[in-house]
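There are 2 protein chains.
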Amino acid sequence: MPTNSVKEQWIVFIHQLQDDICNALEIADGKSKFIEDVWQRPEGGGGKTRVIANGNVFEKGGVNTSIVYGDVTKTMQTQLNINGEKWFACGLSLVIHPTNPMVPTVHCNYRMFELYNEKEEVIDRWFGGGTDLTPYYLFDEDAVHFHKTYKNICDQYDDSFYPRFKKECDDYFVNTHRNNERRGIGGIFYDHQRPNENKSIEFWIDFAKSCGYGFIESYIPIVNKNKSLPYTPSQKYWQEIRRGRYVEFNLVHDRGTIFGLKTNGRTESILMSLPPTVRFDYNHIHSPNSEEEKLIKILSQPKEWCI
Amino acid sequence: MPTNSVKEQWIVFIHQLQDDICNALEIADGKSKFIEDVWQRPEGGGGKTRVIANGNVFEKGGVNTSIVYGDVTKTMQTQLNINGEKWFACGLSLVIHPTNPMVPTVHCNYRMFELYNEKEEVIDRWFGGGTDLTPYYLFDEDAVHFHKTYKNICDQYDDSFYPRFKKECDDYFVNTHRNNERRGIGGIFYDHQRPNENKSIEFWIDFAKSCGYGFIESYIPIVNKNKSLPYTPSQKYWQEIRRGRYVEFNLVHDRGTIFGLKTNGRTESILMSLPPTVRFDYNHIHSPNSEEEKLIKILSQPKEWCI
Numbered sequence: 001m002p003t004n005s006v007k008e009q010w011i012v013f014i015h016q017l018q019d020d021i022c023n024a025l026e027i028a029d030g031k032s033k034f035i036e037d038v039w040q041r042p043e044g045g046g047g048k049t050r051v052i053a054n055g056n057v058f059e060k061g062g063v064n065t066s067i068v069y070g071d072v073t074k075t076m077q078t079q080l081n082i083n084g085e086k087w088f089a090c091g092l093s094l095v096i097h098p099t100n101p102m103v104p105t106v107h108c109n110y111r112m113f114e115l116y117n118e119k120e121e122v123i124d125r126w127f128g129g130g131t132d133l134t135p136y137y138l139f140d141e142d143a144v145h146f147h148k149t150y151k152n153i154c155d156q157y158d159d160s161f162y163p164r165f166k167k168e169c170d171d172y173f174v175n176t177h178r179n180n181e182r183r184g185i186g187g188i189f190y191d192h193q194r195p196n197e198n199k200s201i202e203f204w205i206d207f208a209k210s211c212g213y214g215f216i217e218s219y220i221p222i223v224n225k226n227k228s229l230p231y232t233p234s235q236k237y238w239q240e241i242r243r244g245r246y247v248e249f250n251l252v253h254d255r256g257t258i259f260g261l262k263t264n265g266r267t268e269s270i271l272m273s274l275p276p277t278v279r280f281d282y283n284h285i286h287s288p289n290s291e292e293e294k295l296i297k298i299l300s301q302p303k304e305w306c307i
Numbered sequence: 001m002p003t004n005s006v007k008e009q010w011i012v013f014i015h016q017l018q019d020d021i022c023n024a025l026e027i028a029d030g031k032s033k034f035i036e037d038v039w040q041r042p043e044g045g046g047g048k049t050r051v052i053a054n055g056n057v058f059e060k061g062g063v064n065t066s067i068v069y070g071d072v073t074k075t076m077q078t079q080l081n082i083n084g085e086k087w088f089a090c091g092l093s094l095v096i097h098p099t100n101p102m103v104p105t106v107h108c109n110y111r112m113f114e115l116y117n118e119k120e121e122v123i124d125r126w127f128g129g130g131t132d133l134t135p136y137y138l139f140d141e142d143a144v145h146f147h148k149t150y151k152n153i154c155d156q157y158d159d160s161f162y163p164r165f166k167k168e169c170d171d172y173f174v175n176t177h178r179n180n181e182r183r184g185i186g187g188i189f190y191d192h193q194r195p196n197e198n199k200s201i202e203f204w205i206d207f208a209k210s211c212g213y214g215f216i217e218s219y220i221p222i223v224n225k226n227k228s229l230p231y232t233p234s235q236k237y238w239q240e241i242r243r244g245r246y247v248e249f250n251l252v253h254d255r256g257t258i259f260g261l262k263t264n265g266r267t268e269s270i271l272m273s274l275p276p277t278v279r280f281d282y283n284h285i286h287s288p289n290s291e292e293e294k295l296i297k298i299l300s301q302p303k304e305w306c307i
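Line by line, the protein sequences give chains A and B. Quick note: the first sequence, position 211, residue 211 per our numbering, numbers continuous. Quick note: the second sequence, position 204, residue 204 per our numbering, numbers continuous.
1. Identify the contact partners of residue 275(B) in chain A, using a Cβ-Cβ distance below 8 Å as the criterion.
2. Can you tell me which residues form a DSSP beta bridge with residue 280(B)?
3. Taking all protein chains shown into account, decide if residue 307(A) is buried (16 or more other Cβ within 10 angstroms of its Cβ) or exposed.
4. Can you pull the chain A residues whose beta carbon is under 7 Å from the beta carbon of residue 271(B), in chain order?
5. On the DSSP bridge list, what partners appear for residue 112(A)?
6. Suppose contacts are defined by Cβ-Cβ distances below 8 Å. Is residue 138(B) in contact with residue 298(B) by that definition?
7. Measure from the alpha carbon of residue 17(B) to the alpha carbon of each residue in 92(B), 172(B), 47(B) and 180(B), then state which is nearest.
8. What three-state label does DSSP hand residue 66(A) in the structure shown?
9. Comparing alpha-carbon positions, which option in 249(A), 228(A) and 143(A) lies nearest residue 295(A)?
10. In chain order, what residues of the same chain lie with their CB nearer than 6 Å to the CB of residue 105(B), ignoring the 5 residues before and after it?
11. How far does the alpha helix (DSSP H) with residue 186(A) in it reach, from first residue to last?
12. Below 8 Å on C-beta distance, what does residue 152(A) contact in chain B?
13. Please identify the residue among 239(A), 215(A), 236(A) and 265(A) whose C-alpha is closest to the C-alpha of residue 63(A).
14. Using the beta-carbon of each residue, which ones in chain B are nearer than 7 Å to residue 74(A)?
15. Given that residue 96(A) touches chain B, what residues does it touch there, using C-beta distances under 8 Å?
16. In the DSSP assignment, the alpha helix (DSSP H) including residue 256(B) goes from what residue to what residue?
17. Between the C-alpha atoms of residue 95(B) and residue 10(B), what's the straight-line distance to the nearest angstrom?
18. Consult DSSP for residue 164(A) and reduce its assignment to one of helix, strand or coil.
19. Let me check one thing: in DSSP terms, what residues is residue 41(B) bridge-paired to?
20. Count the CB pairs spanning the region 34 to 49 of chain B and the region 260 to 273 of chain B that are closer than 8 Å, and state whether there are at least three.
21. Can you tell me whether DSSP reads residue 55(A) as helix, strand or coil?
22. Do residue 259(B) and residue 183(B) have their CB atoms nearer than 8 Å?
23. Would you say residue 258(A) reaches chain B, if we count a Cβ-Cβ gap shorter than 8 Å as a contact?
24. Pick helix, strand or coil for residue 48(A), following the three-state DSSP scheme.
25. Could you work out which residues of chain A lie near residue 310(B), taking near to mean beta carbons separated by less than 7 Å?
26. Within this structure, are the beta carbons of residue 168(A) and residue 175(A) separated by less than 8 Å?
27. Between residue 116(B) and residue 69(B), what straight-line distance do the alpha-carbon atoms span, to the nearest angstrom?
28. Which stretch, first to last residue, makes up the alpha helix (DSSP H) that contains residue 272(A)?
29. With residue 219(A) as the anchor, note down where its alpha helix (DSSP H) starts and where it stops.
30. Give the DSSP-derived three-state secondary structure of residue 316(B) in the structure shown.
31. Taking buried to mean at least 16 other C-beta atoms within 10 Å of its own C-beta, is residue 281(A) buried or exposed?
32. Give the range of the alpha helix (DSSP H) segment to which residue 152(B) is assigned.
33. Would residue 247(B) pass as an interface residue toward chain A - the criterion being a Cβ-Cβ separation below 8 Å?
34. Given that residue 267(B) touches chain A, what residues does it touch there, using C-beta distances under 8 Å?
35. Under 8 Å by Cβ, that's how I've got residue 85(A) and residue 118(A) pegged, so tell me the actual separation to the nearest angstrom.
36. Per DSSP, what are the beta-bridge partners of residue 175(A) in this structure?
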């Protein structure tokens with residue numbers, strides 16, 4: 001596959017995925033529509049940020065794509081350990097915060113990175129991505145459905161993927177300052193996957209497509225199942241406390257967020273990931289033997305959902 | 001002054017200041033009382049965390065003291081550039097979040113640090129501290145009163161202090177990822193002040209005492225003046241949006257917070273600084289020529305309040 005067609009194929013996929021995911025979310029919401037902000041990056045490229053707010057189901061959400069490129073800077077060399085003359089990155093990133101605490105928050109991200117020498121020849125290329133689920137109340141059948149969807153997808157490509165990428169996800173989304181509590185119940189996460197003689201460029205693009213569309217298959221049924229469940233003010237309160245932990249992870253630990261904020265990324269697009277309303281209580285304590293405690297136990301000790 | 005009496009004098013001051021500030025805040029609140037959590041640090045020392053919540057005036061606040069010590073670790077050597085065998089630190093740190101958006105949030109911190117060689121002799125000692133104000137609606141007379149209080153205190157010690165420490169404060173509390181918007185209207189901030197032939201240990205302890213008690217003089221009158229002012233739901237909304245910026249500064253930029261969270265500090269005491277309820281909207285826009293815009297202009301371009 002000629003170099004340019006790789007980029008083209010990836011860009012077409014990312015934009016199509018953005019359209020299809022936004023469409024699926026709008027149908028599940030039944031009221032609000034995404035609005036789009038197109039932005040330019042002064043150093044090269046730009047993006048399409050799409051946000052939804054105050055829907056029937058979704059209190060706040062963003063489904064963003066970006067195509068960005070430029071010269072390799074000192075910061076990239078030292079902080080990202082990247083060597084080359086020029087770089088290119090394209091990906092989709094989404095975070096959805098539902099109103100109802102019975103519906104989980106979800107995040108996903110799929111991206112391709114290319115590095116070039118001074119002749120603009122590709123000298124390196126890698127793929128990364130993943131999807132993870134953050135419930136406020138844990139329905140075991142939802143966790144099983146979510147993980148099984150990604151296990152089935154992974155198994156079509158390589159039997160080793162699901163266990164490896166599930167573990168990478170559990171190991172990444174961790175609030176180390178909260179006794180290693182996980183942000184949620186995980187999913188899959190992979191990074192720096194380079195095509196080789198066994199796994200071609202097409203293989204990785206195909207895998208990202210399957211995982212990317214897996215979002216709709218994995219998440220929308222959970223939304224539809226739970227979106228009309230009743231909830232109490234104290235359950236909403238708990239959701240807002242847990243959303244505080246989401247903020248803590250994203251601002252203190254998430255490499256992408258911190259790197260973006262410290263290198264003049266588009267702040268509003270990066271921080272669309274933050275939840276709409278949040279509470280920070282001093283030393284919030286949940287009741288013993290409660291649904292809240294059940295969740296915390298799973299977050300402290302990730303579980304195998306596909307056995 | 002013998003070494004031990006420096007420590008003792010500082011510790012007595014910090015605890016007395018904690019008592020006196022809590023007392024002044026309880027009187028201004030008129031309803032809620034501080035509750036105290038005493039905690040131990042496994043590696044040495046501990047603290048007294050005092051929190052107030054759901055008062056007439058204060059929605060959430062903490063006035064914490066800690067006395068901590070231990071061996072100089074690799075992390076301290078590399079991240080804090082500290083060389084020595086053992087260290088000691090003692091300070092007071094407070095953050096107060098009022099309910100009413102007409103009453104500003106305030107933060108202050110006063111601390112002493114000592115370093116020892118293997119014979120436990122003091123080889124270095126420095127003082128740091130400051131107080132800064134974060135209004136949601138700007139009353140010029142409050143800003144003038146707050147800054148003048150600290151200028152008057154500073155001027156009793158050294159004419160160069162107020163201009164220098166005011167600038168350090170303006171330069172430190174900056175959301176660089178928000179076009180260098182300041183967290184608030186500043187105040188004073190000083191760090192790494194070492195006693196020398198001109199300015200003795202007593203000088204710096206005395207200065208910290210004057211600044212520490214200056215908190216009561218600078219902040220309480222503003223609370224009493226504004227705590228009964230009416231406000232609208234949309235003004236409360238604006239406060240919660242601005243509190244989001246406070247969260248962003250503390251979690252993304254504040255050196256003390258990040259260092260504490262990454263080095264096994266007591267998370268609940270560190271994060272008592274986060275506001276009780278917060279909103280993160282995508283691309284929140286304030287009205288032109290509004291009170292909100294007036295605030296933002298000052299935050300973008302710090303002003304001289306004492307001229």
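A virtual CB, placed ideally from N, CA and C, is assigned to each residue, including glycine. Note that this is a predicted model, so its numbers are computed, not measured.
So, to answer that:
1. For residue 275(B), the chain A residues whose C-beta falls within less than 8 Å of its own C-beta are 280, listed in chain order.
2. Paired residues: none, contrary to the question.
3. exposed
4. 280
5. Answer by DSSP bridge pairing, in chain order: 90(A) and 127(A).
6. yes
7. 92(B)
8. strand
9. 143(A)
10. 97 and 134
11. Unbroken run through residue 186(A) is the beta strand (DSSP E), 186 to 193; no alpha helix (DSSP H).
12. Here the premise fails: no neighbours, minimum Cβ distance about 34 Å.
13. When C-alpha distances from residue 63(A) are compared across 239(A), 215(A), 236(A) and 265(A), the shortest belongs to 215(A).
14. Under the 7 Å cutoff, chain B gives no residues; its nearest Cβ is about 17 Å from residue 74(A).
15. Those within 8 Å of residue 96(A) in chain B number zero; the least Cβ separation is about 13 Å.
16. Looking at the DSSP string, the run of the alpha helix (DSSP H) that includes residue 256(B) is 255 to 262.
17. 21 Å
18. helix
19. The partner list for residue 41(B) (beta bridge, DSSP) is empty, contrary to what the question assumes.
20. The answer is yes - the region 260 to 273 of chain B touches the region 34 to 49 of chain B, with three or more Cβ pairs under 8 Å.
21. coil
22. no
23. yes
24. strand
25. A question about residue 310(B) goes unanswered here, because the residues of chain B that appear run from 1 up to 307.
26. no
27. Straight-line Cα distance between these residues: approximately 11 Å.
28. Per DSSP, residue 272(A) belongs to no alpha helix (DSSP H) and is neither H nor E.
29. Annotation: the continuous alpha helix (DSSP H) that includes residue 219(A) extends over 201 to 226.
30. A question about residue 316(B) goes unanswered here, because the residues of chain B that appear run from 1 up to 307.
31. Residue environment: residue 281(A) is assigned as buried (16 or more neighbouring CB atoms within 10 Å of its CB, all protein chains considered).
32. Residues 140 to 155.
33. It does: the Cβ of residue 247(B) has a partner Cβ on chain A nearer than 8 Å.
34. 177 and 178
35. 5 Å
36. 181(A)
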